[in-house]
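Counting in this note's numbering, the sequence shown runs from 118 upward without gaps.
All C-beta atoms, glycine included, are put in the ideal place defined by N, C-alpha and C.
A quick note: this is a predicted structure, and the numbers were derived from the prediction, not measured.
Scroll down for the structure; my scribbles are underneath it.
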Amino acid sequence: MRYLMNKRGEQDVETDKWILIVIPLFMLIAFSFAIGLGQGLFFGEDYEFRNVEAQILNLKVKDCISNNLYENIWADFYKVCNLNEKVLKERLEEVKLNIMVCEGECNSGKEVFRLGSDFTSCDLDGKNENYKKCYKDKFIKNGKSFEIWTGSNHVSRRTNA
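Put into structure tokens, the structure is as follows:
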């Protein structure tokens, strides 16, 4: 280590001690801050994508139905709409997505496709933050009115610590 010298060429022991204390202390504080920041980012707040996820799914289903010329779309709905049937059906509890397509109004019309069962919580949106976020849309194809309800209760980044 290069020693600091005063004007007479003598070694300044006090300055050397100060440097040997400050530099490791600064490094300790910097590493502590980095570890705290990393934990905060990893175990921080949940991402809130439920509403956006429901809108994207609704748009995908709407585009599939409105742009498809296939008459019996409901028999091969997953294949025609390019949705992964295995993920949506077998892992429904993990995925937490719901889809309902109706001719006319979903409250009073004919239900033509349904994935999931809990659409009553869609009416309770805003009452509790933990309820499912839903998105409803209507469109007309070949003179028939359709209503699509999609819901998502998939909360990202939730950890059980």
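| query | result |
| --- | --- |
| Beta-carbon gap between Leu-241 and Glu-170 smaller than 9 Å | no |
| Pair within 9 Å by beta-carbon distance, Phe-236 and Ile-182 | no |
| 9 Å Cβ cutoff met for Tyr-248 and Ser-238 | yes |
| Euclidean distance between Cα positions of Lys-250 and Pro-141 | 50 Å |
| Extent of the continuous beta strand (DSSP E) run through Asn-215 | 214-220 |
| Under 9 Å between C-beta atoms of Val-218 and Ile-265 | yes |
| Residue environment, Ser-269, which counts as buried when at least 16 other CB atoms sit within 10 Å | buried |
| Asn-259 in three-state terms, based on DSSP | coil |
| Status (buried if at least 16 other CB within 10 Å, exposed otherwise) for Ile-216 | buried |
| Identity of the residue in Asp-180, Lys-206, Asn-259 nearest Cys-198 by Cα | Asp-180 |
| Ile-257 versus Ser-234, Ser-225, Arg-231, Glu-220, residue with shortest Cα-Cα distance | Glu-220 |
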